[in-house]
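*Asks:* Heads up, the sequence shown is in this note's numbering, so the first residue is 21 and it goes up one at a time.
We put the beta carbon where it would ideally sit given N, CA and C, even for glycine.
Note that the structure is predicted; figures quoted are calculated from it, not measured.
Before anything else, here's the structure in question.
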Amino acid sequence: RSTPSNSSAASDVYKRQVLFYTKDKRVHVFIDNKKRTMISRAVMDDFFFKGEVEIEVKISGMEILNITGKIDRALDYNCCSKYLEKLKEVIGIRIGGGLIKKIMKLVGDIEGCNYLAGLVLECCEGCILALTVKPLEKAVPEIKSMKDITPEKLVKLMPNMKNTCIAVSYTH
């Protein structure tokens, strides 16, 4: 199942050259119109890591209400498993400007688990994209060429994207 980082099996991976590598990453977003929330789940499975993160986000305000995580396999399982508990510190953060820096400080970075941090960010991006589908469907007929896609026009078509981490930051 999982191999602790101090075992010889884990160190053997570092000694061997990886010639074949695959990564499977999926993000699913479920919108609950009654509760006005979204559930976003990101799952990743590759040679070094297999795990998932699920967040619940309040649609108005884009605040993270709840978060859970699971690690099935990690090259450095002891390190990453410590950060499963730190995921709770993400609760209350709003999806918006400065998100990447906040998540990396809490979960990722040098001493953290970048796999978990990446999954949290994938969940957040999934939530943003889920809310942009309808405005984009309306915008498509107005876009005649790539020159028509400017930060100003994107913000006009999708006001909720102003100053977000997912779109180009635009201010008047």
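Just to confirm, are E76 and T57 a CB contact at a threshold of 7 Å?
*Replies:* Cβ atoms of E76 and T57: closer than 7 Å.
*Asks:* Report the three-state DSSP secondary structure of L141 (helix, strand or coil).
*Replies:* The answer is helix: DSSP assigns L141 an H, G or I state.
*Asks:* Can you tell me whether DSSP reads G117 as helix, strand or coil?
*Replies:* Reduced to three states, the DSSP call for G117 is coil.
*Asks:* Hey, E72 and K90: beta-carbon distance below 7 Å or not?
*Replies:* Their beta carbons are under 7 Å apart, which means E72 touches K90 by this criterion.
*Asks:* Assign N53 to one of three DSSP states: helix, strand, or coil.
*Replies:* Note: N53 maps to coil in three-state DSSP.
*Asks:* In whole angstroms, give me the CA-to-CA distance for K173 and A150.
*Replies:* Going from the Cα of K173 to the Cα of A150 covers about 19 Å.
*Asks:* Return the CA-CA distance between Y41 and F69, expressed in angstroms with no decimal places.
*Replies:* So the two alpha carbons sit approximately 12 Å from each other.
*Asks:* Around the C-beta of E142, are 16 or more other C-beta atoms found within 10 angstroms, so that it is buried, or is it exposed?
*Replies:* Classification for E142: buried.
*Asks:* With three or more C-beta pairs closer than 8 Å as the rule, is the stretch 84 to 98 touching the stretch 108 to 123?
*Replies:* Contact holds: three or more Cβ-Cβ distances are below 8 Å.
*Asks:* Have a look at V47 and I59 and give me their C-alpha separation to the nearest angstrom.
*Replies:* So the alpha carbons of these two residues sit roughly 10 Å apart.
*Asks:* Can you name, in chain order, every residue of its own chain whose Cβ lies under 8 Å from the Cβ of D136, other than the five neighbours on each side?
*Replies:* Note on residue identity: the sequence assigns Leu, not Asp, to residue 136. Result list for L136: G71, V73, G89, I91, C100, Y103, L104, L107, V127 and G128, in chain order.
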